[in-house]
Amino acid sequence: MYITVSEATRQKIEHSRESWAEIAKKFGWYFEPFYIQVRIDEFGEVVDTVGHKGMQNSRGDILISDELDDGIE
């Protein structure tokens, strides 16, 4: 599934990637390409981001959309 994001959201994702990359470099788990996980709300806004060393084997950023929520809490 593909999620379409606005240019403003894309910029927020890149800013988050830069922030997580700084943390990763500081603690010795930075690698390239550097991917992050991004949670996006129903309005297309970035709600939260996560960067961790386990994403080294990822094929790209992971975008999680609230629109996929099935309503179970």
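Numbering (full-length UniProt numbering), first residue to last: 1 to 73. In this text, a Cβ means the ideal position worked out from N, Cα and C, and glycines have one as well. Note that this is a predicted model, so its numbers are computed, not measured.
Expected contact under 8 Å - CB spacing of residue i and residue j to nearest Å
i: Gly-51; j: Ile-23; result: 7 Å
i: Val-38; j: Ile-64; result: 7 Å
Residues sharing a beta bridge with residue i, DSSP
i: Val-38; result: Thr-49, Leu-63
Residue i classed as buried or exposed, judged by whether at least 16 other C-beta atoms fall within 10 angstroms
i: Ser-58; result: exposed
i: Ser-16; result: buried
i: Ile-40; result: buried
i: Tyr-2; result: exposed
i: Glu-73; result: With a pLDDT of 46 at Glu-73, under the threshold of 50, the predicted position of this residue should be treated as unreliable, and no value is reported.
i: Ile-36; result: buried
Residue i: first and last residue of the uninterrupted alpha helix (DSSP H) it sits in
i: Phe-27; result: 7-27
Cβ of residue i within 8 Å of any chain B Cβ
i: Ile-40; result: Checking the listed chains, one finds no chain B in this structure; it contains a single protein chain.
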